[in-house]
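Using the numbering used here, you'd call the opening residue of the sequence shown number 76 and step up by one each time. Below: one structure, written as structure tokens.
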Amino acid sequence: MGLDDKASNKAQELGGKAKEALGRSSDDPELTREGQRDQASAGLKQAGEKVKDAFEDVKDAFKKHD
76 MGLDDKASNK AQELGGKAKE ALGRSSDDPE LTREGQRDQA SAGLKQAGEK VKDAFEDVKD
136 AFKKHD
């Protein structure tokens, strides 16, 4: 996973946490849900990047054995 992707995903996650907290403190359920969606989206992106990294590792391991 590239550093840009990691930073972007982490920023989205942290932004989602902030939105959720603000929504809870201001009693705004829509903002709370939006923050939760942002966090879930960031988590899915991070998981996808980890899968891509794992496939690259496997591919590299096979190249070393050729």
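Where is the CB? At the ideal position from N, CA and C, for every residue including glycine. Please read all numbers here as calculations on a predicted model, not as lab measurements.
Flag this pair as yes or no: are the beta carbons of residue i and residue j separated by less than 9 Å?
| i | j | result |
| --- | --- | --- |
| GLN111 | GLY90 | no |
| GLU95 | GLN121 | no |
Taking the alpha-carbon positions, what's the residue i to residue j distance?
| i | j | result |
| --- | --- | --- |
| LEU106 | ALA115 | 14 Å |
| ARG108 | ALA129 | 32 Å |
Tell me, to the nearest whole angstrom, how far the beta carbon of residue i is from that of residue j; I am working on the premise that it is less than 8 Å.
| i | j | result |
| --- | --- | --- |
| ASP80 | GLU124 | 6 Å |
Within 10 angstroms of its Cβ, does residue i collect 16 or more other Cβ (buried), or is it exposed?
| i | result |
| --- | --- |
| ALA117 | buried |
| ASP132 | exposed |
| ASP102 | exposed |
| ASP135 | exposed |
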